[in-house]
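S.K.: In this note's numbering, the protein residues as written are 4 to 586.
Cβ atoms here follow ideal geometry from the backbone N, Cα and C, with glycine treated the same way.
1) How would you label residue 533, buried or exposed, when you count the other beta carbons within 10 angstroms and need 16 or more for buried?
2) Taking 8 Å as the threshold (C-beta atoms), are residue 293 and residue 280 in contact?
3) Tell me, which residues are paired with residue 127 by DSSP?
4) For residue 496, which three-state DSSP category applies?
5) So, are the CB atoms of residue 164 and residue 144 less than 8 Å apart?
6) With a Cβ-Cβ cutoff of 8 Å, do residue 352 and residue 384 count as a contact?
7) DSSP beta-bridge partners for residue 358?
8) Can you give me the Cβ contacts of residue 230 inside the same chain, cut-off strictly under 7 Å, excluding the 5 residues immediately before and after it?
9) Of all the options 212, 249, 130, which has the alpha carbon lying nearest to the alpha carbon of residue 271?
10) Report the CB separation of residue 207 from residue 232 in whole angstroms; it is logged as a contact under 8 Å.
11) Look at the Cβ atom of residue 118, then the Cβ atom of residue 204, and state whether they are nearer than 8 Å.
12) Rounded to whole angstroms, how far is the Cβ of residue 582 from the Cβ of residue 555, which I believe are closer than 8 Å?
13) For a quick check, are the C-beta atoms of residue 437 and residue 455 less than 8 Å apart?
14) Jot down the residue ranges of each uninterrupted alpha helix (DSSP H) in the segment 450-487, minimum 4 residues, whole runs only, in chain order.
15) Write down the C-beta distance between residue 503 and residue 483 rounded to the nearest angstrom, noting that I regard them as a contact closer than 8 Å.
16) Tell me whether the segment 119-128 and the segment 88-102 touch, counting them as touching only if at least three CB pairs, one residue from each stretch, are closer than 8 Å.
17) Please state whether DSSP places residue 521 in a helix, a strand or coil.
18) Here's a check: name, in chain order, each residue in its chain whose Cβ is nearer than 7 Å to the Cβ of residue 14, leaving out the five neighbours to either side.
19) Under three-state DSSP, which class holds residue 438?
20) I think residue 196 touches residue 120, with their Cβ atoms under 8 Å apart; what is that distance to the nearest whole Å?
21) State the start and end residues of the unbroken alpha helix (DSSP H) segment that holds residue 286.
22) Hey, how far is the Cα of residue 337 from the Cα of residue 421?
23) Given this structure, state the Cα-to-Cα distance separating residue 536 from residue 527, to the nearest angstrom.
24) Please report the distance separating the alpha-carbon of residue 441 from that of residue 319.
25) Tell me, which residues are paired with residue 188 by DSSP?
26) Going by the beta-carbon positions, is the gap between residue 425 and residue 400 smaller than 8 Å?
27) Which word fits residue 23, buried or exposed, when buried means at least 16 other C-beta atoms lie within 10 angstroms of its C-beta?
28) Following the continuous beta strand (DSSP E) through residue 82, name the residue where it begins and the one where it ends.
29) List in chain order: all unbroken alpha helix (DSSP H) runs of 4+ residues lying wholly within the segment 93-154.
30) Using alpha carbons as the reference points, say which of 26, 552, 247 lies closest to residue 268.
31) Just how far apart, CA to CA, sit residue 449 and residue 376?
32) Counting only runs of 4+ residues fully inside the segment 217-277, write out the alpha helix (DSSP H) ranges in chain order.
33) Distance check for residue 381 and residue 343, CA to CA, integer angstroms please.
34) With DSSP collapsed to three states, give me the class of residue 489.
35) Quick test of the definition: if touching needs 3 or more C-beta pairs under 8 Å, does the segment 104-111 touch the segment 66-83?
36) DSSP three-state label for residue 404, please.
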C-alpha cells in the first residue's frame with residue numbers, strides 16, 4: 004500500500020468514518036491506531052528468516068492487543084485471537100500470564116559480548132559477569148534454572164549463579180578468541196578487541212558467519228567463489244529449498260545469473276547465490292516465497308559485502324580488497340561490475356541507449372574523446388549523443404600526481420595531489436564524494452597505506468587537494484608502487500599513478516648514531532673544580548655522560564645528544580655550560 008493511501012485509511016479510521024479495518028499480518032504492526040476490538044485471525048506468520056511459517060510470539064500478540072481500549076480513547080477493549088485447537092494450550096496460559104517468557108539471550112551471547120568488547124564497555128571477565136547480571140537472562144536463570152540446564156544442587160551451592168555466569172562468559176570469550184574476533188588472556192581474564200571483531204560488531208556480522216569467512220576467505224578468489232562464500236553466511240542459514248520453486252530457480256539460473264551457481268538450484272546455498280545474482284541483475288520473480296526470501300537476503304547483503312571489504316582491506320590484500328569493494332558497489336547500485344558504468348545514470352539514459360553502448364563496446368575513455376554527434380551516430384540516435392556527453396562530464400573522475408621523498412632507508416614520504424576532473428551536480432554527487440586512497444605493491448599483493456578521502460563540492464571547484472602520508476619500503480626494492488584513488492560509491496571510477504623506484508636515491512644503510520662504549524664511569528672529580536663538584540650529589544657520571552664528557556667539557560664542538568628519558572641529558576647540557584664558564 005502506498006504511504007498516501009495508508010495515511011488516508013488511518014485518518015478515516017481514527018475519525019470513525021471507517022468502522023472496520025482489515026490488515027495483512029505485516030501491516031498490522033505498522034498501523035498504530037486505537038480500536039475497541041482487535042481480532043487476530045490465524046496465528047501463522049511467514050518468517051523469511053526461518054524460511055517458513057511460524058507461530059506468532061506472545062510479545063507480538065500483546066503488542067497488537069495493546070491497541071484495544073486505549074485509556075485516552077476508550078473505557079474498555081476486547082482482544083480476540085482465532086487459532087487452531089492444538090495451539091489453544093499454548094496461547095491461553097500466555098494470555099493469562101501463567102507461562103512466563105523465557106530469555107533467548109544465550110544463543111546470541113557471543114555476538115553481544117563481542118559488541119561490548121568492541122565498544123570498550125567490557126574489558127575483562129569480571130566486568131562481563133557484571134554486565135550479564137543486568138540482563139533478563141540472569142533474572143530468568145534464578146527464577147527457572149532448570150530451563151537453562153542448571154540443576155538444583157548447583158543453585159543450592161551457588162544461589163547467585165555467579166559461577167554459571169562466569170562459565171558462560173568464559174566459553175563465549177574462548178570461542179571469540181578462536182575466531183580471532185578478540186584476544187582473551189585467561190590468566191589475567193582481560194579482553195582485547197581485534198580489527199575483525201570490531202568490523203563484525205560494526206556491521207552486525209554474526210559469530211558463525213565470521214567463522215565461515217575465516218575458513219573460506221582467501222587472498223585470491225574469483226567472482227563465483229565470492230558469491231558462494233556470501234551465500235554460506237549464517238544470516239541465510241534458515242533459507243530452505245522448496246520443490247515448487249525448482250522450476251523457476253532453474254530458469255533464473257540460466258537467464259539472470261552471469262556467474263556459476265555452485266551447488267545448483269536444488270542446494271540451499273545455490274538458491275541464495277541465485278537470489279543474490281538476481282538482486283544485482285534487477286530480475287523479476289513470480290513465486291511469493293521466493294519474493295519473500297529475496298527481500299530478506301537483500302536486506303543483509305549490503306552490510307555483509309561491506310564487512311568483507313573492510314576485512315580484506317585490514318589484511319592488506321590488493322586483489323580481494325578491489326574485488327569486494329566492486330561487489331559492495333554492485334549490490335548498492337544493482338549493477339554488475341562488468342556492465343557499462345553509464346548504467347549508474349539509468350534514470351537519465353534509456354536502457355536502449357545503454358544496451359547499444361554495451362553492444363558497441365564503447366568504454367569511458369573512448370566516449371570521452373568523441374564529440375556529441377559522433378556518439379549520436381554510434382547509438383543511432385542523434386539527441387542521445389548530447390545526453391551521453393553530459394553524463395560523461397558528471398561521471399566522477401580525478402587526476403593524480405605525486406612526489407616521493409625518502410625519510411629513512413625504509414620509510415618514504417609521499418605528497419599526493421588529487422585534482423577533480425568532472426562537473427559537480429548535486430543530484431548525482433550530493434554534498435560530498437568519498438574516495439579510497441590505496442598504495443599497493445602489486446608484486447607482493449599487499450596494501451601499505453589506505454585512507455578514505457572526502458571530496459566536497461567546494462573542494463571540487465578549487466585547486467588540487469594535497470595529501471601527505473608515509474609508506475614503508477623493503478629490501479629488495481620492488482620496481483614500483485601503485486597509488487589508486489577508487490570511488491567509494493561509483494563503479495569503475497578509478498585513477499592510477501605509478502611510483503617508480505628505478506632512480507630512487509635512499510640514505511646509506513649504516514646507522515648514524517654513535518655506539519655506546521663499555522667505559523669505566525668517570526668520577527665527578529674529573530671536573531677539576533671543587534665548586535662544580537659540589538653541584539652534584541653522585542660520585543660518578545653515568546655511561547652516556549662519561550662518553551660525551553670530553554667533547555662537552557673540553558671542546559666547543561656542536562653536539563646532538565639523543566638519549567632515552569632519565570639518561571642524564573640535562574646534566575650533559577650543564578657540562579657544556581660549565582665549559583663556557585671556564586672560558
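M.R.: With the given structure in hand:
1) With fewer than 16 Cβ atoms within 10 Å of its Cβ, residue 533 is classed as exposed.
2) no
3) In the DSSP output, where bridge partners are listed per residue, residue 127 has 193.
4) Residue 496 falls in the coil class under three-state DSSP.
5) yes
6) no
7) Residue pairing by DSSP places residue 358 opposite no residue, since no beta bridge is assigned to it.
8) 262, 276, 279, 280
9) Closest option to residue 271, Cα to Cα, is 249.
10) At roughly 18 Å, the Cβ-Cβ gap does not stay under 8 Å, so residue 207 and residue 232 are not in contact.
11) Cβ distance < 8 Å, so residue 118 and residue 204 count as in contact.
12) 7 Å
13) The beta carbons of residue 437 and residue 455 sit closer together than 8 Å.
14) 460-464
15) Between residue 503 and residue 483 the beta-carbon gap is near 5 Å, inside 8 Å, which marks them as a contact.
16) no
17) coil
18) none
19) In this structure, residue 438 counts as strand in the three-state DSSP scheme.
20) 5 Å
21) Here residue 286 belongs to no alpha helix (DSSP H), and DSSP marks it neither H nor E.
22) 29 Å
23) 6 Å
24) 10 Å
25) 193
26) Yes, they are a contact pair.
27) exposed
28) Its beta strand (DSSP E) spans residues 81-85.
29) 112-122, 128-136, 139-146
30) 247
31) 44 Å
32) Listed in chain order, they are 226-234, 249-258.
33) Approximately 15 Å between the Cα atoms of the pair.
34) Note: residue 489 maps to strand in three-state DSSP.
35) no
36) strand
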